[in-house]
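Be aware that the sequence shown starts at 18, since it is given in the working numbering, and climbs by one per residue.
Data first, discussion second: the structure below is written as structure tokens.
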Amino acid sequence: MKTQTGYVAGVNGNLIKVDFDGSVRKNEVGYILVDDKRLKGEVIRINNGEVSMQIYEMTNGIKVGDEVEFTGELMSVDLGPGLLTQVYDGLQNPLPALAEQCGFFLDRGVYLDAIPDRDWDFTPTVQIGDEVKAGDTVGTVPEGLFTHHIMVPFTLKGSWTVKSIKEEGAYNVRSTICTIENNKGETKDLSMVFTQPIKQAVKCYAEKLRPSEPLVTKIRCIDSFLPVAKGGTFCTPGPFGAGKTVLQHMQAKNSEADVVIVAACGERAGEVVEVLKEFPELEDPKTGRSLMERTIIICNTSSMPVAAREASCYTAVTLAEYYRQMGLDVLLLADSTSRWAQAMREMSGRLEEIPGEEAFPAYLESTIAAFYERAGVVRLHDGSKASITIGGTVSPAGGNFEEPVTQATLKVVGAFHGLARERSDARKYPAIHPVDSWSKYKGVVDMDLVNRARAILIRSTEVGQMMKVVGEEGTSSEDYITYQKGELLDAVYLQQNSFDPIDEACSPARQRREFGRLYDALMKKYDITDKREIRAFFNQLRQEFLDWHGTHFETPEFEAQEKKISDFYMAKVVE
Numbered sequence: 018m019k020t021q022t023g024y025v026a027g028v029n030g031n032l033i034k035v036d037f038d039g040s041v042r043k044n045e046v047g048y049i050l051v052d053d054k055r056l057k058g059e060v061i062r063i064n065n066g067e068v069s070m071q072i073y074e075m076t077n078g079i080k081v082g083d084e085v086e087f088t089g090e091l092m093s094v095d096l097g098p099g100l101l102t103q104v105y106d107g108l109q110n111p112l113p114a115l116a117e118q119c120g121f122f123l124d125r126g127v128y129l130d131a132i133p134d135r136d137w138d139f140t141p142t143v144q145i146g147d148e149v150k151a152g153d154t155v156g157t158v159p160e161g162l163f164t165h166h167i168m169v170p171f172t173l174k175g176s177w178t179v180k181s182i183k184e185e186g187a188y189n190v191r192s193t194i195c196t197i198e199n200n201k202g203e204t205k206d207l208s209m210v211f212t213q214p215i216k217q218a219v220k221c222y223a224e225k226l227r228p229s230e231p232l233v234t235k236i237r238c239i240d241s242f243l244p245v246a247k248g249g250t251f252c253t254p255g256p257f258g259a260g261k262t263v264l265q266h267m268q269a270k271n272s273e274a275d276v277v278i279v280a281a282c283g284e285r286a287g288e289v290v291e292v293l294k295e296f297p298e299l300e301d302p303k304t305g306r307s308l309m310e311r312t313i314i315i316c317n318t319s320s321m322p323v324a325a326r327e328a329s330c331y332t333a334v335t336l337a338e339y340y341r342q343m344g345l346d347v348l349l350l351a352d353s354t355s356r357w358a359q360a361m362r363e364m365s366g367r368l369e370e371i372p373g374e375e376a377f378p379a380y381l382e383s384t385i386a387a388f389y390e391r392a393g394v395v396r397l398h399d400g401s402k403a404s405i406t407i408g409g410t411v412s413p414a415g416g417n418f419e420e421p422v423t424q425a426t427l428k429v430v431g432a433f434h435g436l437a438r439e440r441s442d443a444r445k446y447p448a449i450h451p452v453d454s455w456s457k458y459k460g461v462v463d464m465d466l467v468n469r470a471r472a473i474l475i476r477s478t479e480v481g482q483m484m485k486v487v488g489e490e491g492t493s494s495e496d497y498i499t500y501q502k503g504e505l506l507d508a509v510y511l512q513q514n515s516f517d518p519i520d521e522a523c524s525p526a527r528q529r530r531e532f533g534r535l536y537d538a539l540m541k542k543y544d545i546t547d548k549r550e551i552r553a554f555f556n557q558l559r560q561e562f563l564d565w566h567g568t569h570f571e572t573p574e575f576e577a578q579e580k581k582i583s584d585f586y587m588a589k590v591v592e
């Protein structure tokens, strides 16, 4: 393909205007040639022979008249075996290899192969003469814990016939393993690696299904009260220091997902370093090995160029779609979509677009919706089900949930896990506010019982607010018992110790058992009227439940502690 060229006509931060003759399309990749370097950018607007490009590098030194090369290719990522365990930047450059080549400070204009150059043990699954289409598997290779499917590129149209296929054996990741031909006589050589535009959703499936099966995270307050479905979406807004990072670690570690992708999009470098250090040390409860063996990290910190934040989100969801096509359940955690929205606001201002609320672009809502809509449960052509679950954290300034990014996100997600400053300050973790948060999905516990328990919690909160004005003395014994029931539910079920080897992960069976016992205690009427005695009773009951959390499930100690709890509160029940 002949390379289209142009020349820089204007520079405004990381927005470059380029004059050109010929044909250029939106989202096409171009390179600006400056100081013997090729700086990568993407076409975001075309207008009468002039294009606007956002540059994914620092733009120092670019001047009017510099040459620009357009590649004719859309912004894409490489897909193939070897993605798992990798740490990439927003443009899919492997950061460890970049650091090895550039040192502590990354040079601009350096782009490396995303897929490691190595041999894989290939096993063919098709024969000469078979018909295939986009997304069909032509062979497999073992990749860590999974069987990695080598697929027909997702962008190919129509039906193709296999003309040649390699026999079982070890082949280089970029060598030709299969040749296919369509009914027009066009042939295409396939290797284990192909490219996929990041802003085009992969739709190589038979149908999209409604999310119904819960995604078990083994976090009680989520699985029981604020559930997430496999293939669903959820957001976790919260102020700085409210525990978003640890909560994400626990979701990544204990969720019943096959592959975890973490997109650190514009977060502070210190928080990203924490993720990079801790994830390799986290033990995968499924295998006992490092969690990184089924994880990909897309790392684009706030100190990196702003435009790459958008690319990091799209890169992450494209990698998620790739593993979904293999029949796997993928969990994508994006942290934080607020930084991406801020990057959009900056670019929108430079494009001189009419601003929306708080100067965010008018298309903020549709862009966020398009990102979350790439989640879902699908039935693949082979009949298997697979899913992508997307969870995005939002970092509203000052914890204000009324700001545009949070509100735009709430319109499209299926669950809202709002972190509260007052809960994190009181060391109530996870700091998800149980009353303000909500979910549209079904959990692992009977939702009718959960709603009755939540009603007690809401009434308890109301009594607690009233007590701040009138004190305990002005509160009736009945209201005070309701208040203590809500505090009991919060302390022994909604809070969880992520650093306790037993309590950090609570299985669905254990949640149902513990919630059943707690629900029974909450629904009883107690023959106590003295407030001091009420307080002492519930404090002791709380401690008994916490001791129960420290016993292994379905052991004699577990059964004995449950009986002890039952005997303790039944002794005070009104006959």
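Backbone N, C-alpha and C fix where the C-beta goes; we use that ideal spot for every residue, glycine too.
Asn64 versus Ile72 - alpha carbon distance: 18 Å
Name the two residues that bound the continuous beta strand (DSSP E) containing Asp36. 32 to 37
What is the DSSP secondary structure of Asp453, reduced to helix, strand or coil? coil
Note down the Cα distance separating Lys57 from Gly126, rounded to an integer number of angstroms. 7 Å
Element boundaries [alpha helix (DSSP H), containing His266]: 261 to 271
Let me check one thing: in DSSP terms, what residues is Gln213 bridge-paired to? Val94
Looking at Leu381 and Ala414, is the spacing between their C-beta atoms short of 9 Å? no
Cα-Cα, which of Glu84, Ala538, Glu295 is closest to Tyr510? Ala538
Go to Asp346, then tell me how far its beta strand (DSSP E) extends in each direction, as first and last residue. 346 to 352
Tell me the rounded alpha-carbon separation between Asp130 and Leu112. 11 Å
DSSP three-state label for Lys548, please. helix
Starting from Gln424, trace the alpha helix (DSSP H) in both directions and tell me its first and last residue. 421 to 427
By Cβ distance, which residues of its chain are closer than 7 Å to Cys221, with the 5 residues on each side in sequence left out? Ala151, Gly152, Phe171, Gln342
Our contact map puts Tyr128 next to Leu108 with C-beta atoms below 8 Å; I'd like the distance itself, whole angstroms only. 7 Å
If you count every other CB in all the chains shown that lies within 10 Å of the CB of Phe377, and 16 or more means buried, which is it? buried
Might you give, ordered along the chain, the residues of its own chain that have their beta carbon closer than 6 Å to the beta carbon of Cys523, omitting 5 neighbours on each side? Lys235, Arg237
Per-residue DSSP class, three states only, for Ser176: coil
Can you say whether Cys252 is buried or exposed, counting buried as having 16 or more other CB atoms within 10 angstroms of its CB? buried
Among Pro302, Ser353, Ser307, Pro297, the one whose alpha carbon lies nearest that of Asn317: Ser353
Segments assigned beta strand (DSSP E), at least 3 residues, entirely inside the region 93 to 129: 93 to 96
Looking at the strands, I want to know which residues DSSP matches up with Arg62. Ser69
In whole angstroms, what is the alpha-carbon distance linking His569 and Gln528? 13 Å
What number of angstroms, rounded off, separates the C-alpha of Val430 from the C-alpha of Ile405? 13 Å
Classify Glu160 as buried or exposed, calling it buried when 16 or more other Cβ atoms lie within 10 Å of its own Cβ. buried
For Thr332 versus Tyr586, is the C-beta spacing smaller than 9 Å? no
Unbroken stretches of the beta strand (DSSP E), 3 residues or longer, contained in the region 376 to 400: 393 to 396
Assign Cys523 to one of three DSSP states: helix, strand, or coil. coil
The alpha helix (DSSP H) that contains Thr147, what's its start and end? The question names Thr, but residue 147 in the sequence shown is Asp. Asp147 -> no alpha helix (DSSP H), and no H or E assigned at all.
With H, G and I counted as helix, E and B as strand and the rest as coil, what does DSSP make of Asn468? helix
Which same chain residues, not among the five before or five after Arg471, have their C-beta less than 8 Å away from its C-beta? Phe242, Pro451, Val452
Exposed unless 16 or more other CB atoms sit within 10 angstroms - verdict on Gln501: buried
Excluding the five sequence neighbours on either side, which residues of its own chain have a C-beta within less than 8 Å of the C-beta of Asn110, listed in chain order? Val127, Tyr128, Leu129, Ala131
If we call anything under 9 Å between Cβ atoms a contact, is Arg534 one with Ser477? no
Is His165 near Val158, with beta carbons less than 9 Å apart? yes
Please state the DSSP three-state secondary structure of Asp138. strand
Is there contact here, the region 319 to 331 with the region 360 to 374, by at least three beta-carbon pairs under 8 Å? yes
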